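Heads up: the sequence shown begins at 29 in our numbering, then just goes up one per residue.
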Amino acid sequence: MNLERHQIAEDWNRRGFSCELWTDPPGQRWENFTHATDEVVVVLSGEMEFEIEGVVHHPVPGEELFIPARAVHSARNIGNETARWLFGYHQET
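Following this line, the structure appears as structure tokens:
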């Protein structure tokens, strides 16, 4: 699947979300975060695991995950290569 960051960013913008690129080396773990606003994530490349309120997800590249505001969540690069993924926070108007 050819994932174009600008196309995802345009879609998210229309839906009220920001769009930022993040990279994680193999083994990187971000544990037990919460945010005051809704978040969306899409893996572009690599193998990421996201845990949202105790439910573990292994999204394929291009699959969008929704993380509700105040949900406890973690992100982990469980692969052997650097993972590239997009995240966006809902922008309050």
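Backbone N, C-alpha and C fix where the C-beta goes; we use that ideal spot for every residue, glycine too. No experiment lies behind these values; they were computed from the predicted model shown.
Put Asn108 into one of helix, strand or coil per three-state DSSP. Three-state DSSP puts Asn108 in coil, outside helix and strand.
Under the three-state DSSP convention, the category Ile95 falls into: strand
Is it buried or exposed for Leu72, if we count other Cβ within 10 angstroms and need 16 for buried? buried
Reference Ile106; option with closest CA among His85, Gly90, Arg98: His85
Specify the secondary structure class of Glu77 as computed by DSSP and reduced to three states. strand
Proximal residues to Ala64 (C-beta, below 8 angstroms), its chain only, five neighbours per side dropped: Ala97, Arg98
By how many angstroms is the C-alpha of Pro89 removed from the C-alpha of Met29? In this predicted model, Met29 has a pLDDT of only 44, less than 50, meaning its place in the structure is not dependable enough to derive any value.
Name the residue from Ala37, Ser46, Arg104 whose alpha carbon lies nearest to the alpha carbon of Pro53. Arg104
Do you know whose CA, among Arg112, Phe45, Tyr117, Gln35, lies nearest Glu75's CA? Out of Arg112, Phe45, Tyr117, Gln35, Arg112 has the C-alpha closest to the C-alpha of Glu75.
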